[in-house]
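Asker:
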Amino acid sequence: MSVLEIKDLHVSVETDQGTKQILRGVNLTINEGEIHAIMGPNGSGKSTLAYTIAGHPKYHVESGSILLDGAEVLKMTVDARARAGLFLAMQYPVEIPGVTVTNFLRTAKTAIEGEAPPIRTWIKDVRQSMTNLRMDKTFAERNVNEGFSGGEKKRNEILQLELLKPKFAVLDETDSGLDVDALKIVSEGVNRAKANTGLGLLLITHYTRILRYIHPDFVHVFVNGRIAEQGGSELADRLEDEGYDRFLVPSNVG
Amino acid sequence: MSAASALSKSASKTVPEPSTPATSASTLPVGQHGIKEHSDGRFGYVPVQTRSDRFKSVNVADFQAVTGREAVWKHSPVAKFTDLTAGDLDGSRYLIELTPSAAISVEWVPRTDARIGTAGLPEERAAANAWGVFDDALAITVSGEEAKEITVTRSALGNTARGAHTIIEAKPFSQATVILANTGDARLSENVEIILGESANLTVVSLQEWDDSAVHLANHFASIGRDARLKHVVVSLGGSIVRVNPSVRLAGPGSDTLLLGLYFADAGQHLEQQVYVFHDAPKSRSRVNYKGALQGQDARTVWIGDVLIGNKAAGTDSYEQNRNLVLSEGTRADSIPNLEIETGDIVGAGHASATGRFDDEQLFYLQSRGITEKEARRLVVRGFLTEVVQQIGSPELEARLQLAIEAELIGTDDK
Ligand SMILES: Nc1ncnc2c1ncn2[C@@H]1O[C@H](COP(=O)(O)OP(=O)(O)OP(=O)(O)O)[C@@H](O)[C@H]1O
Ligand SMILES: [Mg+2]
Numbered sequence: 001m002s003v004l005e006i007k008d009l010h011v012s013v014e015t016d017q018g019t020k021q022i023l024r025g026v027n028l029t030i031n032e033g034e035i036h037a038i039m040g041p042n043g044s045g046k047s048t049l050a051y052t053i054a055g056h057p058k059y060h061v062e063s064g065s066i067l068l069d070g071a072e073v074l075k076m077t078v079d080a081r082a083r084a085g086l087f088l089a090m091q092y093p094v095e096i097p098g099v100t101v102t103n104f105l106r107t108a109k110t111a112i113e114g115e116a117p118p119i120r121t122w123i124k125d126v127r128q129s130m131t132n133l134r135m136d137k138t139f140a141e142r143n144v145n146e147g148f149s150g151g152e153k154k155r156n157e158i159l160q161l162e163l164l165k166p167k168f169a170v171l172d173e174t175d176s177g178l179d180v181d182a183l184k185i186v187s188e189g190v191n192r193a194k195a196n197t198g199l200g201l202l203l204i205t206h207y208t209r210i211l212r213y214i215h216p217d218f219v220h221v222f223v224n225g226r227i228a229e230q231g232g233s234e235l236a237d238r239l240e241d242e243g244y245d246r247f248l249v250p251s252n253v254g
Numbered sequence: 001m002s003a004a005s006a007l008s009k010s011a012s013k014t015v016p017e018p019s020t021p022a023t024s025a026s027t028l029p030v031g032q033h034g035i036k037e038h039s040d041g042r043f044g045y046v047p048v049q050t051r052s053d054r055f056k057s058v059n060v061a062d063f064q065a066v067t068g069r070e071a072v073w074k075h076s077p078v079a080k081f082t083d084l085t086a087g088d089l090d091g092s093r094y095l096i097e098l099t100p101s102a103a104i105s106v107e108w109v110p111r112t113d114a115r116i117g118t119a120g121l122p123e124e125r126a127a128a129n130a131w132g133v134f135d136d137a138l139a140i141t142v143s144g145e146e147a148k149e150i151t152v153t154r155s156a157l158g159n160t161a162r163g164a165h166t167i168i169e170a171k172p173f174s175q176a177t178v179i180l181a182n183t184g185d186a187r188l189s190e191n192v193e194i195i196l197g198e199s200a201n202l203t204v205v206s207l208q209e210w211d212d213s214a215v216h217l218a219n220h221f222a223s224i225g226r227d228a229r230l231k232h233v234v235v236s237l238g239g240s241i242v243r244v245n246p247s248v249r250l251a252g253p254g255s256d257t258l259l260l261g262l263y264f265a266d267a268g269q270h271l272e273q274q275v276y277v278f279h280d281a282p283k284s285r286s287r288v289n290y291k292g293a294l295q296g297q298d299a300r301t302v303w304i305g306d307v308l309i310g311n312k313a314a315g316t317d318s319y320e321q322n323r324n325l326v327l328s329e330g331t332r333a334d335s336i337p338n339l340e341i342e343t344g345d346i347v348g349a350g351h352a353s354a355t356g357r358f359d360d361e362q363l364f365y366l367q368s369r370g371i372t373e374k375e376a377r378r379l380v381v382r383g384f385l386t387e388v389v390q391q392i393g394s395p396e397l398e399a400r401l402q403l404a405i406e407a408e409l410i411g412t413d414d415k
């Protein structure tokens with residue numbers, strides 16, 4: 001059974017005003033097949049955690065470790081992390097001009113599997129996943145994310161999740177900017193991926209509405225660079241009613 | 001794209017094109033349109049020199065020795081090819097290879113051929129030097145309405161300083177793709193005249209895959225007749241110094257041109273293109289799209305795009321753009337668009353120019369999907385250049401260019 005362990009993670013970024021501390025000791029263990037939701041106010045460091053797991057060069061790890069089945073993820077290049085089984089659905093996916101979705105997906109799949117996927121089944125898989133996500137066939141020949149609407153970009157992220165079959169996926173606000181229908185479609189995609197591969201999920205969100213479709217096993221409240229409280233799905237409901245105020249009080253005083 | 005979107009619009013004074021070359025040194029080709037040059041007052045007002053006013057001559061002696069300060073030379077390493085601007089050139093025939101095609105004749109014609117000088121005349125010394133020496137011109141004449149393609153390859157020019165002249169004529173209503181492929185070594189200055197008769201549809205591709213040592217200075221002069229369409233493509237990948245400057249005159253009403261360029265400069269390479277589009281007839285249309293990548297120490301590219309919408313060119317539509325992708329430190333890309341409009345009645349005129357570094361976020365996105373950094377870079381560069389390749393319209397050539405770009409990318413990985 002796979003496990004992703006984040007241990008006492010401290011992360012900073014360089015800003016014009018100097019080094020800024022963002023993550024201040026994050027501890028989190030995700031087992032295969034588990035769904036963890038992370039909720040927290042703007043600027044609390046949720047995306048920083050997501051990007052640090054994926055290895056974005058902007059974020060500087062000061063201390064701590066991230067282990068995937070015991071192997072130190074922090075020592076791996078960005079692409080090696082993906083090949084090891086990590087996936088990040090980004091909050092703001094970037095456009096890649098001149099690279100079609102088809103070409104991109106095939107290149108990524110080949111990189112992750114270490115060999116080109118058998119052409120027939122691959123084309124079938126891509127079509128099926130696109131149909132499931134209600135993505136028009138024409139997207140296949142469009143350039144990655146170029147001119148995609150916010151919702152289309154998110155679907156494209158989940159398309160990759162389904163096709164690349166990671167062991168662990170971090171979804172950074174995949175729900176924001178989606179209307180109800182799209183939210184359902186995307187959630188179904190995530191649930192399908194989980195049912196097919198048994199992946200572990202770290203779901204970053206501001207709202208409980210996605211949790212109606214994707215049921216978390218654990219909910220973590222993220223405040224000021226660390227996990228302030230954790231519980232079951234009932235915690236999410238409480239957050240929806242009460243907001244983050246009671247967590248914010250201490251950090252706001254200083 | 002409306003007239004209002006034009007980024008620079010100068011109501012320059014129109015001066016008729018000089019029919020005979022001036023000989024006085026004071027009218028030598030300096031200055032550039034768009035830059036308003038005024039006298040110091042003693043001689044009163046000096047009109048802006050429009051691009052069409054540039055001094056022209058077929059006689060090399062009419063041009064002063066090249067200093068590198070001239071508008072046409074100031075971006076080029078002129079000291080490295082004084083043999084072409086000031087030396088004696090070999091104007092004899094050279095070896096060509098070709099894939100024969102019905103309804104396209106390829107032959108050597110004498111200097112007295114009536115077509116010579118009809119599409120344009122030299123505006124600088126290297127071009128005039130070549131014009132003076134060629135024994136025979138290579139004439140590629142296209143007739144017949146059916147689509148066809150021909151490739152004329154030069155691969156054995158060697159390192160003798162040469163001057164050459166080529167005529168490509170598309171008869172009225174004819175259609176073809178003419179590919180001029182260049183490989184091997186060369187020290188060449190040449191003029192290429194492209195003449196499109198009424199309603200002709202011609203694609204000309206000049207493909208520079210020279211050896212690392214080659215120096216190639218080319219001026220292409222095109223004249224496009226009524227309702228005719230020229231697609232002109234400059235692909236510069238190989239060579240030490242490659243300067244291919246297309247000048248296109250939209251001479252007939254309804255004439256249309258698409259000027260494409262693709263270049264990839266490695267360490268030490270100088271790749272230059274000075275594009276000039278002259279709208280000289282009503283309802284003419286032009287699109288210019290040049291894209292380049294630079295990688296390695298002293299990789300250098302120059303793109304100058306002059307568009308002149310003359311006073312006869314009512315109802316024209318033009319847009320030019322140049323984009324450069326900088327892949328490493330130590331490179332330099334110059335990108336200079338100029339737009340000059342002499343008529344108030346235009347459908348659209350605009351330009352865009354951008355030189356950007358490799359986008360780290362794109363790289364991160366691709367890598368986060370398991371793709372190695374090297375492969376991710378290739379994908380992005382290929383993607384960037386593909387837009388131009390896909391517009392060429394010759395599947396075989398497109399495939400070949402994709403491979404050539406691939407080879408460039410692999411080549412740069414090794415450095
Ligand atoms: N490059 C940077 N320069 C300056 N500050 C940064 C930089 N990157 C992140 N930050 C800051 O770090 C903090 C955490 O940002 P992060 O994006 O991780 O928050 P978040 O919890 O994902 O917020 P949101 O809910 O708005 O997405 C914010 O205050 C942000 O402004
Ligand atoms: Mg965020």
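Chain order of the listed sequences is A and B.
1 is the number of the first residue of the first sequence in full-length UniProt numbering; add one for each residue after it.
1 is the number of the first residue of the second sequence in full-length UniProt numbering; add one for each residue after it.
Positions of the beta carbon are idealized from the N, C-alpha and C atoms, including for glycine.
Just so we're clear, the structure is a prediction, and the values are computed from it rather than from any experiment.
1) With DSSP as the reference, label A:Met-39 as helix, strand or coil.
2) Just mark A:Val-180 as buried or exposed, buried being the case when its beta carbon has 16 or more other beta carbons within 10 Å.
3) Does any residue of chain A have a CB that is nearer than 8 Å to the CB of B:Val-380?
4) Within 10 Å of its beta-carbon, does B:Trp-108 have 16 or more other beta-carbons around it, so buried, or fewer, so exposed?
5) Sorted by chain position, which residues of the same chain lie with C-beta nearer than 7 Å to A:Asn-31's C-beta, five sequence neighbours on each side aside?
6) Taking one C-beta from the segment 305-312 of chain B and one from the segment 378-395 of chain B each time, how about it: are there three or more such pairs within less than 8 Å?
7) Tell me the DSSP secondary structure of B:Gly-34 in three-state form.
8) A:Leu-248 to A:Val-223, Cα distance in whole Å?
9) Could you check where the beta strand (DSSP E) with B:Trp-108 kicks off and where it finishes?
10) Ordered along the chain, which non-local residues of its own chain (more than five positions away) have a Cβ less than 8 Å from that of B:Thr-82?
11) Assign B:Asp-280 to buried or exposed, taking buried as 16 or more other Cβ atoms, counted over all protein chains shown, within 10 Å of its Cβ.
12) Would you report the Cα separation of B:Gly-239 and B:Val-133, rounded to the nearest angstrom?
13) Name the one or two DSSP bridge partners that A:Asp-172 has.
14) Ignore the nearest five residues each way along the sequence and tell me which others in A:Gly-225's own chain have a CB closer than 6 Å to its CB.
15) What is the residue span of the alpha helix (DSSP H) that B:Tyr-365 lies within?
16) Mind listing which residues of the segment 154-171 of chain A have their C-beta closer than 7 Å to chain B's C-betas, in chain order?
17) Identify the continuous beta strand (DSSP E) that holds B:Ser-335 and give its terminal residues.
18) Check whether the Cβ of A:Glu-157 sits closer than 7 Å to any heavy atom of ligand 4, and report yes or no.
19) Would you mind stating whether B:Gly-117 and B:Ser-155 have Cβ atoms separated by less than 8 Å?
20) Could you give the first and the last residue of the continuous beta strand (DSSP E) run that contains B:Thr-67?
21) Cβ of B:Thr-85 less than 8 Å from any chain A Cβ?
22) Using a C-beta to C-beta distance shorter than 9 Å, which residues of chain A count as neighbours of B:Thr-355?
23) Are the segment 119-136 of chain B and the segment 146-153 of chain B in contact at 8 Å, needing three or more beta carbon pairs?
24) If the cut is a Cβ gap below 7 Å, which residues of chain B does A:Val-94 touch?
25) In chain order, what residues have a CB nearer than 5 Å to some heavy atom of ligand 1?
26) Whose CA, out of B:Thr-50, B:Ala-86, B:Val-242, B:Ser-52, lies closest to the CA of B:Asn-59?
27) Alpha carbons only, please: which of A:Leu-105, A:Ala-193, A:Thr-138, A:Leu-74 is nearest the one belonging to A:Glu-62?
28) Can you name the residues that DSSP bridges to A:Thr-100?
29) Can you find the residues in the same chain that come closer than 6 Å, C-beta to C-beta, to A:His-60, ignoring five residues on each side of it along the sequence?
30) Spell out the partners DSSP gives B:His-216 in its beta bridges.
31) Consult DSSP for B:Leu-401 and reduce its assignment to one of helix, strand or coil.
32) The alpha helix (DSSP H) spanning A:Thr-121 covers which residue range?
33) Comparing the C-beta of A:Val-78 with each C-beta of chain B, is any distance below 8 Å?
34) Would you say B:Gln-390 touches ligand 2, meaning its beta carbon is less than 7 Å from a heavy atom?
35) Taking only three categories from DSSP, how would you classify A:Tyr-213?
36) Is A:Leu-88 closer than 8 Å to A:Ile-119 when the C-beta atoms are compared?
Answerer: Here's the rundown:
1) As a working note, residue 39 of chain A is residue 39 in the first sequence. The answer is strand: DSSP assigns A:Met-39 an E or B state.
2) The residue you call residue 180 of chain A lines up with position 180 of the first sequence. A:Val-180 comes out exposed.
3) Here residue 380 of chain B is taken as the residue at index 380 of the second sequence, counted from 1. Chain A, which has a Cβ nearer than 8 Å to the Cβ of B:Val-380, makes this yes.
4) Within the second sequence, residue 108 of chain B is the residue found at index 108, counting from 1. Label assigned to B:Trp-108: exposed.
5) Here the question's residue 31 of chain A lines up with position 31 in the first sequence. Hits under 7 Å: Met-1, Val-3, Gly-200.
6) no
7) Looking up residue 34 of chain B in the second sequence gives position 34. At B:Gly-34 the pLDDT is 30, less than 50, meaning the model places this residue with poor confidence and gives no usable figure here.
8) Stepping through the first sequence from its first residue, residue 248 of chain A is reached at position 248. Stepping through the first sequence from its first residue, residue 223 of chain A is reached at position 223. Roughly 7 Å separates the two Cα atoms.
9) Walking along the second sequence from the start, residue 108 of chain B turns up at place 108. Boundaries of the beta strand (DSSP E) around B:Trp-108: 104-110.
10) Taking the first residue of the second sequence as position 1, residue 82 of chain B is located at position 82. Contacts found: Val-66.
11) What you label residue 280 of chain B is simply residue 280 of the second sequence in a count that begins at 1. Under this definition B:Asp-280 is a buried residue.
12) Here residue 239 of chain B refers to the residue found at position 239 when the second sequence is read from its first residue. Here residue 133 of chain B refers to the residue found at position 133 when the second sequence is read from its first residue. Whole-angstrom Cα-Cα distance: 23 Å.
13) For the purposes of this step, residue 172 of chain A is identified with residue 172 of the first sequence, where counting begins at 1. BP columns for A:Asp-172 point to A:Ile-204.
14) Numbered from 1 along the first sequence, position 225 holds the residue referred to as residue 225 of chain A. Hits under 6 Å: Ile-22, Leu-23, Arg-24, Gly-45.
15) Taking the first residue of the second sequence as position 1, residue 365 of chain B is located at position 365. Start and end: 360-367.
16) Under the 7 Å Cβ criterion, the segment 154-171 of chain A contributes Gln-160, Leu-164.
17) Reading the second sequence from its first residue, position 335 is the one you call residue 335 of chain B. It spans 332-341 - the beta strand (DSSP E) in which B:Ser-335 sits, taken as one unbroken run.
18) This structure simply doesn't include ligand 4; it includes ligand 1 and ligand 2 instead.
19) Position 117 of the second sequence, counted from the start, is the residue given in the question as residue 117 of chain B. Position 155 of the second sequence, counted from the start, is the residue given in the question as residue 155 of chain B. Their beta carbons are not under 8 Å apart, which means B:Gly-117 does not touch B:Ser-155 by this criterion.
20) Here residue 67 of chain B corresponds to residue number 67 of the second sequence, with the count starting at 1. It is not in any beta strand (DSSP E) - B:Thr-67 carries neither H nor E in the DSSP assignment.
21) Position 85 of the second sequence, counted from the start, is the residue given in the question as residue 85 of chain B. So no, B:Thr-85 is outside the interface.
22) Here residue 355 of chain B refers to the residue found at position 355 of the second sequence. Correct list: empty, because the minimum Cβ distance to chain A is about 15 Å.
23) no
24) Here residue 94 of chain A is taken as the residue at index 94 of the first sequence, counted from 1. In chain order: Glu-361, Gln-362, Tyr-365.
25) A:Val-13, A:Thr-15, A:Ile-22, A:Asn-42, A:Gly-43, A:Ser-44, A:Gly-45, A:Lys-46, A:Ser-47, A:Thr-48
26) Within the second sequence, residue 59 of chain B is the residue found at index 59, counting from 1. Closest option to B:Asn-59, judged by alpha-carbon separation, among B:Thr-50, B:Ala-86, B:Val-242, B:Ser-52: B:Ala-86.
27) Indexing the first sequence from 1 puts residue 62 of chain A at position 62. Selected option, being the one with the closest Cα: A:Leu-74.
28) Position 100 of the first sequence, counted from the first residue, corresponds to residue 100 of chain A. Its beta-bridge partners are A:Asn-143.
29) Here residue 60 of chain A is taken as the residue at index 60 of the first sequence, counted from 1. Excluding residues within five positions, the ones whose Cβ falls inside 6 Å are Ser-12.
30) In the second sequence, counting from the first residue as 1, residue 216 of chain B sits at position 216. Bridge partners of B:His-216: B:Leu-188, B:Val-242.
31) What you label residue 401 of chain B is simply residue 401 of the second sequence in a count that begins at 1. In this structure, B:Leu-401 counts as helix in the three-state DSSP scheme.
32) The sequence position of residue 121 of chain A within the first sequence is 121, counting from 1. Segment 119-132, the alpha helix (DSSP H) holding A:Thr-121.
33) Sequence index remark: in the first sequence, residue 78 of chain A carries index 78 (1-based). Cβ-Cβ to chain B under 8 Å: yes for A:Val-78.
34) For the purposes of this step, residue 390 of chain B is taken as residue 390 along the second sequence, with counting starting at 1. No, since every heavy atom of ligand 2 falls outside the 7 Å radius drawn around the Cβ of B:Gln-390.
35) On the first sequence, position 213 is the one that residue 213 of chain A refers to. Coil, per DSSP.
36) Here residue 119 of chain A corresponds to residue number 119 of the first sequence, with the count starting at 1. Here residue 88 of chain A corresponds to residue number 88 of the first sequence, with the count starting at 1. Not a contact, by the Cβ cut-off of 8 Å.
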